[in-house]
DNA sequence: ATTAGTTCGTAAGGTTTACTAACAAACATG
DNA sequence: CATGTTTGTTAGTAAACCTTACGAACTAAT
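Residue numbers (our numbering), protein chains in the order written: chain A, 213 to 589; chain F, 213 to 589.
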C-alpha cells in the first residue's frame, strides 16, 4: 500500500471536504499573495503558489469580478516576452470597522482600510454603564462608525475583554457586567454585516503578527486595568478548553504572599502589574519608582517563565502604557525570564513593546474580519 | 459578495490544495469512523460523515481493495429495509512497532496491533552507551521487533527524550549523547519502513488522548530521571518555535532558592521532582516521606499554575512511578493548582495519573504511526 | 398472500475542480 | 528580421463529489 501522508503529521479529519472547499482554499491562497506582495502578475502568483497559470487566471478572474482585485497596467521591466499584467488588491473595495472594548471607561473604534490603516476614529465614554447599557453603547459606537465609512463595509470586528467563545458570545466580562452576552449575534442582526467578536488580547496578538511582524509563536501580554494575554501558536490563536486561554491576571505569582486581590487570593499577577496599582505605588513613593517597576517586571517574569518554557516561545510582546512598561519593568522581565528558563540554549528569546500603540486591538479586530471574510491576514 | 468563510476563523492558507487532497482527507474520515466505532454499514458512515452513500461506497471499496477494511456479514436487527452490510477495520492487516527510548539505562519496544494493544515486547539494556552506540542499540531493538512481527508492518514509531524536530531528527538528547541525530532517516533507510520519531512526552500525550480518553486540551507531565511534558491543544501536539515545547524540567520554580541543578541554575523543577532526588531524600529521612512528596507536589503545582492558566487547560495527567506520584504528591499538586489559578471559575480542572502505565510511550509511538500512515487515531 | 413502505448499496450521468497541451500576443536579442 | 522567451488564454482531460434513479431485501399492514 502507498504511504498516504508521507512524513507529515496528519490531523484527525473531523469534517468532510468538498471540491468547493478546495476552490475556496486556493482562492484565498491567491488573494493572499496579492494582498501581501502586490504588483505581481498572474504568472508570478502561479510560480509562488505552485498552482498553474490557468488556474490562477481563473481564480483571479473571479476576484476581479467581485471587485477585490484590479489590474494596474503592465510591468515596465525590459525583459523578453510578453509584458506582465500587474495585479493589486483594490484597496478602495471595502473598509473594515474595528472596535476595542478593553479600555477603562471608554469604548474606542475606527474605520480601517484593507491594509489595516486607520481612516477614521470614534469613541464613546462608557461611564459606569454595564450589561444592556454597555451593549447599547457598543451599538451606538458601531452606528456612528458605519455612518462614517466611505466604502462598502467588509465586516465588523470587536475585541472584548473577558472570556469570548468561538461564536462571539461574551461568556463572562465582569467589568462590563456581561454574562453570556451574544454580542456577535446582536451586532450581526442589527447591522446585517459579518461580525467577529473575540477576546481583546487575542485580537492584539493577531495585530502584532500581521502588522508588527511578530513571530508565529508568541505571547502578547496586555497590561492595563487588568492583565491578560493572547497566545499565537503556529500563527493560530489559542482559545483553550473553556475559551479562557490567556487569562493570566489571577495566577498567583511567587511563594511569598503578596497583596490581596479582588478575586480573594493573594499575590495574583494583577496585584503586581495592573496600572492602577503601579501608579498608586509610584505616587506614594516617587523616589523608588525604579524599584517598584523592577519588582513588577520580575513578577511578570516569574509568572511567564513556565509558560515560555512549556510552549518554547521565542517572543513575548508587551502592550500597555509605555511610560510604565518600557523601561525597568521590561528589562527586569526579560532578565528574569532568561534566568529562569532554558531559553538561552534553545534559541533566543526576545521581549519587546508592541509597535502598534493604542490602536492594537482595533487593528487586530480588523485582522479577524480580513481573516474570516477573505482568508487573508 | 458572498461570505466565504461564515463565522469560522480561517487559517491563512499556505499551500495549494488539489482534488486528490480532498480524496485523501475524506478517505481518512471514513477510515476513522470505521476505526473508532466499528460494526457500521456504508449508510451509517454516510450519515455520520455527511458524505453521500455513493462516495462512501467508493471510498470503502478502495479501503477494502487495500485490505484495510473488511465486510463482516449483515446486521441482525429486525428493521425494515435491506439489511446492512457491516464493515470493520481488518485488525489482522498490519502491526505497528513502537519504541520507547525514555527509560533510564534501558530501551524498550513492542509489536502492537492496530488497536494499540501490545502483542509482543522486547528490550535492550542501554548501559552507558551514548552517541552512535546508542543508535546501534535502537537499530538492534528494532531488528528484533521486526523479526517478531507476525503481520506486515505499518510503520515504526519512536518516542525519544530530548528535542526532536518535525523530520524526526533528535536535535539534542544529552543523556543519549545525541546532537542532530537523524534517527528517522537512519531507521527509515535501514528498514525501508515508514518511521516517525518524536519527543517521548509528546508521544505519551497522544497515547493518553487516544487510549486513555483524555481531553483534547491537556498536558501530560512525565516524571522520571528528568521531568518533561507533552502538550495537546485542540487534539494537536504542540511543538514550539524550536521544537522544545514541554521542556519544563529546567524552569525555576518558586522565589526561595532551591538545590543546585546539573544545568547550573538553582531550584529547577527537576531538582524538586526527578525520581532519583525524591528517592534519595526519602531514603535519608523515611519518616518525612509525606512531607517530601507534598513539597514536591506543591512545587509542581507552582510551576504548572501559569501554564494551566495561560492555556486554560482542563486536564493534567501524570506519568511516572505510581508509588511516588499517586498520593501526597498528586494531592498537593492539584490543591496548589486550584489555589493559584482561576480554574475554579472557568470549569473544573482535573489531575490524574495515566491509566496506561509504563507502556504509554510505546503506545503513543504507535498512535503517531497510525496518524501519519492512515490519518487515524 | 399481497401490497406498500423502507433501507441499502450501486449505476449512470452531471458539475466542479485543477491539470496538461497548445497557441497567439508581445516583447528582447543577436 | 528571425529566434527565443514570457504571458495569458483556449481546449480538452482526469479526478472528485454530487444528484437521480433503481434493484434487492427486508418489515408491516391489508
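Idealized CB from N, CA, C, for every residue including glycine.
For clarity, every value in this text was computed on a predicted model and none was experimentally measured.
Problem set entry | Beta-carbon spacing of residue 573 of chain F, residue 250 of chain F below 8 Å | no
For this session: Can you give me, in chain order, the residues of the stretch 446-464 of chain A that have a beta carbon less than 9 Å from any beta carbon in chain F?
Result: 446, 447, 448, 449, 450, 451, 452, 453, 454, 455, 456, 457, 458, 459, 460, 461, 462, 463 and 464
Exercise. CA-CA distance, residue 262 of chain A and residue 231 of chain F?
Worked result: 14 Å
Problem set entry | Backbone CA spacing between residue 384 of chain F and residue 450 of chain F [nearest angstrom] | 18 Å
Exercise. Nearest to residue 401 of chain F by alpha carbon, out of F:355, F:416 and F:386?
Worked result: F:355
Exercise. With DSSP run on the structure shown, which of helix, strand or coil describes residue 590 of chain A?
Worked result: Here chain A covers residues 213 to 589 and nothing more, so residue 590 of chain A does not appear.
Exercise. Counting contacts by CB-CB distance shorter than 8 Å, is residue 441 of chain F in contact with chain A?
Worked result: yes
Exercise. What's the C-alpha gap between residue 266 of chain A and residue 229 of chain F?
Worked result: 15 Å
Exercise. Using CA coordinates, which residue listed in A:338, A:443 and A:554 is at the minimum distance from residue 524 of chain F?
Worked result: A:443
Exercise. Between which two residues does the alpha helix (DSSP H) carrying residue 335 of chain F extend?
Worked result: Segment 330-337 is the beta strand (DSSP E) holding residue 335 of chain F; no alpha helix (DSSP H) there.
Problem set entry | Partners in chain F for residue 541 of chain A, counting only beta-carbon separations shorter than 7 Å | Going along chain F, no residue has its Cβ under 7 Å from residue 541 of chain A, so there is no contact; the nearest lies around 17 Å.
Exercise. Can you name the start and end residues of the alpha helix (DSSP H) that residue 344 of chain F belongs to?
Worked result: 343-360
Exercise. When Cβ atoms are compared, which residues of the stretch 463-478 of chain A fall closer than 9 Å to chain F?
Worked result: 463, 464, 465, 466, 467, 468, 475 and 477
Exercise. How far does the alpha helix (DSSP H) with residue 372 of chain F in it reach, from first residue to last?
Worked result: Segment 365-372 is the beta strand (DSSP E) holding residue 372 of chain F; no alpha helix (DSSP H) there.
Exercise. If we ignore side chains and look at the alpha-carbon of each, how far apart do residue 216 of chain A and residue 239 of chain F end up?
Worked result: In this prediction, residue 216 of chain A has a pLDDT of 40, which is less than 50 and means its spatial position is unreliable; what the coordinates show is noted afterwards. If you take the alpha carbons of residue 216 of chain A and residue 239 of chain F, they lie about 10 Å apart.
For this session: Could you check the C-alpha separation between residue 438 of chain A and residue 510 of chain F for me, to the nearest Å?
Result: 27 Å
For this session: Ignoring anything shorter than 4 residues or poking outside the stretch 237-313 of chain A, list the alpha helix (DSSP H) runs there in chain order.
Result: 254-261 and 265-277
Problem set entry | Within-8 Å CB hit, residue 387 of chain A to chain F | no
Exercise. Any beta-carbon of chain A closer than 8 Å to the one on residue 303 of chain F?
Worked result: no
Problem set entry | Closer than 7 Å: residue 326 of chain F CB and nearest the ligand GTP heavy atom | In the structure on display, the ligand GTP does not appear, and there are no ligands present to speak of.
For this session: Check each candidate in A:325, A:328 and A:334 and name the one with the smallest Cα separation from residue 319 of chain A.
Result: A:334
Exercise. CA-CA distance, residue 489 of chain F and residue 329 of chain A?
Worked result: 56 Å
Problem set entry | DSSP state of residue 596 of chain F mapped onto helix, strand, coil | With chain F covering 213 to 589 only, the question about residue 596 of chain F has no answer from this structure.
Problem set entry | residue 552 of chain F at chain A interface by Cβ criterion, 8 Å | yes
Exercise. Name the chain F residues whose beta carbon is nearer than 7 Å to that of residue 228 of chain A?
Worked result: 238, 241, 261, 262 and 263
For this session: Step through the CB atoms of chain F and report whether any lies within less than 8 Å of the CB of residue 514 of chain A.
Result: yes
For this session: Spell out a yes or no on whether the stretch 330-350 of chain F and the stretch 288-300 of chain F are touching, meaning 3 or more CB-CB pairs, one atom from each, closer than 8 Å.
Result: no
Exercise. Beta carbon of residue 272 of chain A, beta carbon of residue 281 of chain A: below 8 Å?
Worked result: yes
Problem set entry | Any C-beta of chain A under 8 Å from that of residue 519 of chain F | yes
Problem set entry | Cβ shell of residue 541 of chain A (< 6 Å), same chain only, five flanking positions each side left out | 505, 508 and 509
For this session: Apply the 10 Å Cβ neighbour rule to residue 527 of chain A and answer buried if 16 or more other Cβ atoms are within range, or exposed otherwise.
Result: buried
For this session: Kindly identify the DSSP beta-bridge partner or partners of residue 565 of chain A.
Result: A:530
For this session: Classify residue 514 of chain A as helix, strand or coil using the three-state DSSP reduction.
Result: helix
For this session: Can you tell me which of the three DSSP states residue 318 of chain F falls into?
Result: strand
Exercise. On the three-state DSSP scale, how would you describe residue 580 of chain A?
Worked result: helix
Exercise. Can you list, in chain order, the stretches of the beta strand (DSSP E) that have 3 or more residues and sit fully within the stretch 425-500 of chain A?
Worked result: 430-435 and 439-445
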